[in-house]
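K.L.:
If you read the sequences in order, they're chains A and B.
The first sequence begins at 219 in this note's numbering and counts up by one.
The second sequence begins at 1249 in this note's numbering and counts up by one.
For every residue, glycine included, the Cβ atom is placed at its ideal position computed from N, Cα and C.
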Amino acid sequence: MPVTSIVSARRQRSLLTFCSAWLALLAVTVVASLLMGAGQVSPARALAVLTGNQDHDARFVVYELRGQRTLLAIIVGMALGAAGTLLQSATRNPLAEPGLLGVSAGASFAVVLAISLGASAATVHFSVAIIGAMVGCLLVLLVTQVRYVGDDPVRLVLAGAAFSAMLGAITTLMLLFDQRSADEIRFWVIGTLAGRSSVALWWSPPGILLALALMTLLVRPLAALALGEHIATGLGHHPRLIRLLTLLIVAVLVGIATAVAGPIAFIGLIVPFVARAQTGSDIRRTLWLSLLIGPTLLLLADVLSRLAVKPYELPIGVITAMIGAPVLVAVVRSRRLPTL
Amino acid sequence: MLTRFPASRRALRHCSLTLSLLAGVSLAAHADDRVIDTAYGKVTVSGTPGHVVALDEQAVDTVLAVGAKPAGALATRGAEGVSNYLKDRAEGVPIVGTSREINLEAVLAAQPDLILAGARLDKTMYDKLSQIAPTIVPTSSLAQWKDSVMTYATAMNKADEAQQALQQIDTRIAALKPKMPAGATVSVVRWMPQGALVMSSHLIVGETLQALGLKTTALSDSLVKKPHSDILSLENLSQVDGDWMFLATLNEKGKEALDNARQQPAFQRLKAAQSNHVVAVDGQVWSSGSGILAANRLLDDLEQNLAN
């Protein structure tokens, strides 16, 4: 079939173009993230450090504080971007997003519960967050099985919002009863990339890379699933198994991301939205693109969160919500919700 | 008429005695009327109220400091009872709400003859409370804690006691001042995992530090409208560095909060941290407390840690 091969070659080329464009943008945001901050280290001073200047204070700020944050943002951004794309594909819902559907809320709730049961914030293991995310994913899965809710993208988001609100209320209740950990818990309610222990940098990249590696095995089956359950079954895939495995990987990605940075909503919604707008809805393209768009957006949001209220910082969740809410409205309002 | 019903004569005499007693009390009360300037206009209080409901942390502190016991108090933020530093004195005091929500029925059940509320009480709540009993909402802002203590105490007819206690604090400060490291910079922060909250120096803590001849940081001096800052960027942590740092913790595990802070490289670089001059203190006193008893607790902590 020469026509399709031409089309796919053209798409291949456009994917490559988009990928390199986003890679360049990512590089720009990484540099921006190293140069800009809420402190007294100016971009010029930071640049001097990067070119080998022995300015101890600036060195500390650029490498220890901003450098570490930048790495975390890349890791978390990749995880959330990929998780959003996978979740949307598995639920065939363009509005599905870990933050909106209660997956992040499940993860942060589990962490808050662990802290208020006596664990200290420093020692909370990411397994707690992953278990919480899994329970959240399981609920999403159950809800998608319910007729009308699972079929209607907006209803699914409503169900997710209700679930998130419920978990939020319980978290608030725990805050009321447990002043002891109020300061520590607040972090898990808002989400930030600041002040994370360097320990997080040791265990999160391997976990997320492993999840991303497993994810590659699911790309083909998910693409087949997009053609419809019957066709996918005809091609020798097992739709239910694919969905289950996908949600498992989403849970691991979101769990680790939440354990590292707290709940950060909307990244998982914006990233696939942007990716689809550029290369169409085929997961074989959007997924790779989302691995680049995720970190770029998160870094951009983080830089904004540092510059907005100097010498203080805004929680990054506030910035992502400010960028994400209009996107959500745009997606819902657009006449034709893309069917996945 | 009276002779015809001799039995009722005694009753009548009893009655008139009570009446004259009541008249006497009301006369005395009249002489004792105090007109108090509050945020919602002038409020007249007479006599010495026996049932005082304190709907504010500082009000509870004041009632207890002048030797009375509130008929009801608010639970402090997030906890089930009053602040820990008041717990011993406030034993058995019923809780009539939280700082977020006053339970009007519980206030009514406490049968107050005076209600002492916080400066931030809104009008709707004020209207309801003042139907139950004269309600005092101090006019003063964050800064003038002594004024609002005196407002509360005057309403309770305990102005002398409060005045005396405030004077004792001044005497104590004067005695303590020569023992303090003069001119040393002291910062008061609350530690969050992602950075520090800086406490304003226009609260009781900053005022006490300055009265002792100690310096506060420029950043805490700049907080004139809020009790504390937003979360400070870790890049700016050096702005709250000084000779001493008091880490107010809202939990009882103060040491743990300190350990958490020490894990942060940006914290380890502080002068105060390197010279081991970081002290974990009770946040219920250091970041939200205000009043006579709180001031004395502050002085205890300062004496214990800074006096030579």
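Could you check which residue in A:G409, A:M433, A:N271 and A:G299 has the C-alpha nearest to that of V536 (chain A)?
P.N.:
Along the first sequence, one-based indexing puts residue 536 (chain A) at 318. The residue with the shortest Cα to Cα distance from V536 (chain A) is A:G409.
K.L.:
Only counting runs of 4 or more residues, tell me where the alpha helix (DSSP H) segments fall wholly within the region 426 to 463 of chain A, in order along the chain.
P.N.:
Qualifying alpha helix (DSSP H) stretches, in chain order: 447 to 452.
K.L.:
So with Cβ pairs under 9 angstroms, would you call F344 (chain A) a contact of chain B?
P.N.:
Taking the first sequence and counting its residues from 1, one reaches residue 344 (chain A) at position 126. False, the Cβ-Cβ gap to chain B never drops below 9 angstroms.
K.L.:
Is the beta carbon of I1363 (chain B) closer than 9 angstroms to that of R1386 (chain B)?
P.N.:
Residue mapping note: residue 1386 (chain B) aligns to position 138 of the second sequence, counting from 1. Residue mapping note: residue 1363 (chain B) aligns to position 115 of the second sequence, counting from 1. The amino acid occupying residue 1386 (chain B) in the given sequence is Pro; Arg does not appear at that position. In this structure, I1363 (chain B) does not lie closer than 9 angstroms to P1386 (chain B) by Cβ.
K.L.:
Out of A:I467, A:V470 and A:R438, point me to the one whose CA is closest to H455 (chain A)'s CA.
P.N.:
The residue labelled residue 455 (chain A) in the question sits at position 237 within the first sequence. Measuring from the Cα of H455 (chain A), the nearest candidate turns out to be A:R438.
K.L.:
If you follow the alpha helix (DSSP H) that D1530 (chain B) is part of, which residue opens it and which one closes it?
P.N.:
Numbered from its first residue, the second sequence carries residue 1530 (chain B) at position 282. Note, D1530 (chain B): premise wrong, no alpha helix (DSSP H); beta strand (DSSP E) at V1526 to D1530.
K.L.:
Going straight from the alpha carbon of M540 (chain A) to that of K1290 (chain B), what length do you get?
P.N.:
Counting from one through the first sequence, the residue named residue 540 (chain A) turns up at place 322. Counting from one through the second sequence, the residue named residue 1290 (chain B) turns up at place 42. Rounded to whole angstroms, M540 (chain A) to K1290 (chain B) spans 46 angstroms at the Cα level.
K.L.:
My output table needs one value for T1495 (chain B): the three-state DSSP class, helix, strand or coil.
P.N.:
As a first step, residue 1495 (chain B) must be located in the second sequence, where it is residue number 247. For the record, residue 1495 (chain B) in the displayed sequence is Leu; it is not Thr. Strand, per DSSP.
K.L.:
Does L391 (chain A) get closer than 9 angstroms to chain B when you measure Cβ to Cβ?
P.N.:
For the purposes of this step, residue 391 (chain A) is identified with residue 173 of the first sequence, where counting begins at 1. Not an interface residue.
K.L.:
Give a yes or no on whether the minimum CB-CB distance between T410 (chain A) and chain B is below 9 angstroms.
P.N.:
In the first sequence, the residue the question calls residue 410 (chain A) occupies position 192. Closer than 9 angstroms: yes.
K.L.:
Does K1371 (chain B) come out as helix, strand or coil in the three-state DSSP assignment?
P.N.:
In the second sequence, counting from the first residue as 1, residue 1371 (chain B) sits at position 123. Helix.
K.L.:
Taking the straight line between their C-alpha atoms, what separation do you get for A441 (chain A) and L234 (chain A)?
P.N.:
As a position in the first sequence, residue 441 (chain A) is number 223, starting the count at 1. As a position in the first sequence, residue 234 (chain A) is number 16, starting the count at 1. Their backbone Cα atoms lie some 19 angstroms apart in a straight line.
K.L.:
With C-beta atoms as the reference, is E1483 (chain B) less than 9 angstroms away from V259 (chain A)?
P.N.:
Residue mapping note: residue 1483 (chain B) aligns to position 235 of the second sequence, counting from 1. Residue mapping note: residue 259 (chain A) aligns to position 41 of the first sequence, counting from 1. A contact, by the Cβ cut-off of 9 angstroms.
K.L.:
Is there a Cβ from chain B that is less than 9 angstroms from the Cβ of R524 (chain A)?
P.N.:
On the first sequence, position 306 is the one that residue 524 (chain A) refers to. Yes, because at least one Cβ of chain B sits closer than 9 angstroms to the Cβ of R524 (chain A).
K.L.:
Could you check whether T451 (chain A) and F559 (chain A) sit closer than 9 angstroms to each other, using their CB atoms as the reference points?
P.N.:
Given a span of 219 to 558 for chain A in the structure shown, any question on residue 559 (chain A) remains unanswerable.
K.L.:
Going by DSSP, what residues sit across from R1438 (chain B) in a beta bridge?
P.N.:
By 1-based counting over the second sequence, the position of residue 1438 (chain B) is 190. According to DSSP, which records beta bridges pairwise, R1438 (chain B) is partnered with B:L1445.
K.L.:
Less than 9 angstroms between CB atoms is the rule here; does S1486 (chain B) satisfy it with respect to chain A?
P.N.:
On the second sequence, position 238 is the one that residue 1486 (chain B) refers to. Output row for S1486 (chain B): interface = yes.
K.L.:
For a test of the three-state rule: what should DSSP assign to T1456 (chain B), helix, strand or coil?
P.N.:
Within the second sequence, the letter at position 208 stands for residue 1456 (chain B). Reduced to three states, the DSSP call for T1456 (chain B) is helix.
K.L.:
By the three-class DSSP mapping on this structure, what secondary structure does H1476 (chain B) have?
P.N.:
Along the second sequence, read from residue 1 onward, the residue named residue 1476 (chain B) stands at position 228. DSSP places H1476 (chain B) in strand when its eight states are reduced to three.
K.L.:
Would you decide whether R310 (chain A) is buried or exposed? Buried here means 16 or more other CB atoms lie within 10 Å of its CB.
P.N.:
Counted from its first residue, the first sequence places residue 310 (chain A) at position 92. The residue is buried, with at least 16 neighbouring Cβ atoms inside 10 Å.
K.L.:
Which of the residues in the region 1468 to 1498 of chain B, read from start to end, lie with their CB under 7 angstroms from any CB of chain A?
P.N.:
The region 1468 to 1498 of chain B vs chain A, Cβ under 7 angstroms: S1477, D1478, I1479, L1480, S1481, L1482, E1483, N1484, Q1487 and L1498.
K.L.:
Drop a sphere of 10 angstroms on the beta-carbon of I449 (chain A), count the other beta-carbons inside from all chains shown, and report buried for 16 or more, exposed for fewer.
P.N.:
Indexing the first sequence from 1 puts residue 449 (chain A) at position 231. Classification of I449 (chain A): exposed, given that the 10 Å Cβ count is below 16.
K.L.:
If we call anything under 9 angstroms between Cβ atoms a contact, is I348 (chain A) one with G257 (chain A)?
P.N.:
Against the first sequence, residue 348 (chain A) aligns to sequence position 130. Against the first sequence, residue 257 (chain A) aligns to sequence position 39. Contact flag unset, no.
K.L.:
Return the first residue and the last residue of the alpha helix (DSSP H) that I482 (chain A) is part of.
P.N.:
For the purposes of this step, residue 482 (chain A) is taken as residue 264 along the first sequence, with counting starting at 1. It is not in any alpha helix (DSSP H) - I482 (chain A) carries neither H nor E in the DSSP assignment.
K.L.:
Cβ of I460 (chain A) within 9 angstroms of Cβ of V489 (chain A)?
P.N.:
If you number the first sequence from 1, residue 460 (chain A) lands on position 242. If you number the first sequence from 1, residue 489 (chain A) lands on position 271. Cβ atoms of I460 (chain A) and V489 (chain A): not closer than 9 angstroms.
K.L.:
When the Cα atoms are used, what is the spatial distance from K1406 (chain B) to V1314 (chain B)?
P.N.:
In the second sequence, residue 1406 (chain B) corresponds to position 158, counting from 1. In the second sequence, residue 1314 (chain B) corresponds to position 66, counting from 1. Distance between the alpha carbons of K1406 (chain B) and V1314 (chain B): 7 angstroms.
K.L.:
Using DSSP with H/G/I as helix, E/B as strand and the rest coil, what is T1464 (chain B)?
P.N.:
Numbered from its first residue, the second sequence carries residue 1464 (chain B) at position 216. In this structure, T1464 (chain B) counts as coil in the three-state DSSP scheme.
K.L.:
For G512 (chain A), report the span of its alpha helix (DSSP H) as first-last.
P.N.:
By one-based count along the first sequence, residue 512 (chain A) stands at place 294. First-last of the alpha helix (DSSP H) with G512 (chain A): I501 to L525.
K.L.:
Below 9 angstroms between beta carbons: does that hold for V492 (chain A) and L313 (chain A)?
P.N.:
The sequence position of residue 492 (chain A) within the first sequence is 274, counting from 1. The sequence position of residue 313 (chain A) within the first sequence is 95, counting from 1. No, Cβ-Cβ distance for V492 (chain A) and L313 (chain A) is not below 9 angstroms.
K.L.:
Can you tell me whether DSSP reads T1292 (chain B) as helix, strand or coil?
P.N.:
Sequence index remark: in the second sequence, residue 1292 (chain B) carries index 44 (1-based). Reduced to three states, the DSSP call for T1292 (chain B) is strand.
K.L.:
Kindly identify the DSSP beta-bridge partner or partners of I1363 (chain B).
P.N.:
Position 115 of the second sequence, counted from the start, is the residue given in the question as residue 1363 (chain B). B:V1301 and B:T1383.
K.L.:
Mind checking the region 1524 to 1543 of chain B against chain A and listing, in chain order, the residues whose C-beta falls within less than 7 angstroms of any C-beta there?
P.N.:
Residues passing the 7 angstroms Cβ filter: none.
K.L.:
What does DSSP give as the partner residues of D1285 (chain B) in its beta bridges?
P.N.:
The residue you call residue 1285 (chain B) lines up with position 37 of the second sequence. Partner(s): B:K1290.
K.L.:
Mind checking the region 530 to 545 of chain A against chain B and listing, in chain order, the residues whose C-beta falls within less than 9 angstroms of any C-beta there?
P.N.:
Hits within the stretch, in order: Y530, E531, L532 and P533.
K.L.:
Using a Cβ-Cβ cut-off of 9 angstroms, state whether V407 (chain A) counts as contacting chain D.
P.N.:
Here the protein chains are A and B, and chain D is not one of them.
K.L.:
Excluding the 5 residues preceding and the 5 following V1273 (chain B) in the sequence, name in chain order all residues of the same chain whose CB lies nearer than 6 angstroms to its CB.
P.N.:
Numbered from 1 along the second sequence, position 25 holds the residue referred to as residue 1273 (chain B). Confidence at V1273 (chain B) is low in this model, with a pLDDT of 46, below 50, so the placement of that residue should be treated as unreliable; the coordinate-derived value is given next. None.
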